[in-house]
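Counting in this note's numbering, the sequence shown runs from 5 upward without gaps.
Don't be surprised by glycine CBs; every beta carbon is placed ideally from N, CA and C.
All of these numbers come straight from a predicted model, not from anything done at the bench.
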Amino acid sequence: MRFDYGTQISPFPIPLSVGMLRKPKLRDIADPKSKPAMSFTKFMFYEFLISMTPKEFFTKAEVEKGQEFWDSLSEEEKRELTVYDLIQLNPTLMQNFLEVFNFFFEETVLFVEGVFVLVNPDKDYSIDTPQREDIVGVIDSHNFSEILNYIQQVCCIAEEEEEIPKFKNKIAERLYYQIKEGERERNKRADKNLTLPNVISAVTAKHYSLNYTNIWDLTIFQLLDNFGRMREGSIYEIEWTRVAVWGDEKNTFDPARWYKNDFDKK
Numbered sequence: 005m006r007f008d009y010g011t012q013i014s015p016f017p018i019p020l021s022v023g024m025l026r027k028p029k030l031r032d033i034a035d036p037k038s039k040p041a042m043s044f045t046k047f048m049f050y051e052f053l054i055s056m057t058p059k060e061f062f063t064k065a066e067v068e069k070g071q072e073f074w075d076s077l078s079e080e081e082k083r084e085l086t087v088y089d090l091i092q093l094n095p096t097l098m099q100n101f102l103e104v105f106n107f108f109f110e111e112t113v114l115f116v117e118g119v120f121v122l123v124n125p126d127k128d129y130s131i132d133t134p135q136r137e138d139i140v141g142v143i144d145s146h147n148f149s150e151i152l153n154y155i156q157q158v159c160c161i162a163e164e165e166e167e168i169p170k171f172k173n174k175i176a177e178r179l180y181y182q183i184k185e186g187e188r189e190r191n192k193r194a195d196k197n198l199t200l201p202n203v204i205s206a207v208t209a210k211h212y213s214l215n216y217t218n219i220w221d222l223t224i225f226q227l228l229d230n231f232g233r234m235r236e237g238s239i240y241e242i243e244w245t246r247v248a249v250w251g252d253e254k255n256t257f258d259p260a261r262w263y264k265n266d267f268d269k270k
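Listed below in structure tokens is the structure:
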């Protein structure tokens with residue numbers, strides 16, 4: 005499921021079958037006094053986790069002999085291995101995802117008997133044992149990837165869904181996944197111009213009303229939506245000036261460009 009424009013642009017949590025998905029504000033991401041303490045660097049680590057593949061876990065997460073182990077797997081074993089499988093085997097990774105889920109959900113998230121359980125947030129579970137009536141939802145192997153996709157959408161890093169083609173043979177299938185992996189690697193290379201701190205700086209420098217005092221109350225989507233509108237607005241102003249001076253003989257100027265809905269074109 006892809007969230008619609010209205011859902012994304014609003015400041016309110018999103019009701020899911022497992023609980024209420026938060027849209028963290030910029031102040032939540034940057035606050036070193038929160039528990040656990042947050043920072044832009046830590047949030048980037050959260051984004052890495054929620055979009056991480058098993059290959060990236062073994063080759064980029066500084067796992068001892070991770071590259072060696074990954075290379076020892078067959079192509080079929082690599083495709084069948086999931087991040088959820090790794091969570092069951094690695095307590096540190098489980099704790100990392102537990103922290104991520106507690107950051108993004110209104111409910112308290114616990115790890116109980118191999119699954120993530122979302123429970124009533126108004127109780128202290130270091131003292132009280134959660135009862136059946138406390139349980140709001142469960143994240144397990146069946147919905148884990150789906151929940152991660154929802155969080156990715158809130159963070160504006162979700163990849164567009166693509167239908168997997170039918171393969172004529174194993175060679176075609178292997179080539180397809182190699183190409184997709186290469187595309188994924190290129191897309192994940194950080195653009196320093198599009199980091200959250202730089203976008204915040206750029207928006208506050210040019211926006212008519214957003215500044216370093218009030219921008220922290222925006223969600224990630226609201227910030228990037230404003231940023232995108234400002235970029236389009238700059239292009240519109242250049243084109244408008246050109247048409248005003250030189251005319252528009254070929255009738256290429258679109259006066260409605262400044263309010264075009266690019267979100268629903270994707």
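Under the three-state DSSP convention, the category residue i falls into
i, result
"Ile-13", "helix"
"Met-24", "strand"
"Thr-86", "coil"
"Thr-208", "helix"
"Ile-18", "strand"
"Thr-96", "helix"
"Phe-7", "coil"
"Phe-105", "helix"
"Asn-218", "coil"
"Glu-163", "coil"
"Asn-265", "coil"
"Ile-91", "helix"
"Pro-201", "helix"
Cutoff 8 Å; reference residue i; Cβ partners in own chain excluding five residues on either side
i, result
"Ile-13", "Phe-225, Gln-226 and Asp-229"
"Phe-73", "Phe-62 and Val-67"
Residue i to residue j span [Cα, whole Å]
i, j, result
"Ala-209", "Tyr-216", "9 Å"
"Tyr-9", "Gly-23", "21 Å"
"Lys-27", "Asn-153", "14 Å"
"Ala-162", "Phe-61", "18 Å"
"Asn-218", "Ala-206", "14 Å"
"Asp-195", "Met-42", "22 Å"
"Ile-18", "Cys-159", "13 Å"
"Ile-131", "Tyr-212", "50 Å"
"Leu-93", "Ile-239", "51 Å"
"Glu-110", "Leu-200", "23 Å"
"Lys-82", "Asn-106", "29 Å"
Where the beta strand (DSSP E) containing residue i begins and where it ends
i, result
"Gly-141", "139 to 143"
"Thr-112", "112 to 116"
"Val-123", "119 to 123"
Residues near residue i by beta carbon distance below 6 Å, same chain, minus five either side
i, result
"Ser-145", "Tyr-88"
"Asn-124", "Asp-138"
"Phe-50", "Here residue 50 turns out to be Tyr, not Phe, going by the sequence shown. Hits under 6 Å: Val-104."
"Phe-7", "Gln-157"
"Gly-251", "none"
"Leu-30", "Trp-220 and Leu-222"
Own chain, CB closer than 7 Å to residue i, minus 5 neighbours either side, in chain order
i, result
"Ser-21", "Gly-141"
"Gly-237", "Trp-262"
"Glu-253", "none"
Residue range of the unbroken alpha helix (DSSP H) whose run includes residue i
i, result
"Val-158", "148 to 159"
"Gln-226", "224 to 250"
"Lys-64", "58 to 64"
"Glu-253", "From DSSP, Glu-253 is part of no alpha helix (DSSP H); its letter is neither H nor E."
"Arg-31", "30 to 34"
"Leu-53", "44 to 55"
"Glu-72", "70 to 76"
| said: Quick test of the definition: if touching needs 3 or more C-beta pairs under 8 Å, does the segment 252 to 270 touch the segment 236 to 243? | reply: Yes, the segment 252 to 270 is in contact with the segment 236 to 243.
| said: Quick test of the definition: if touching needs 3 or more C-beta pairs under 8 Å, does the segment 37 to 50 touch the segment 83 to 95? | reply: no
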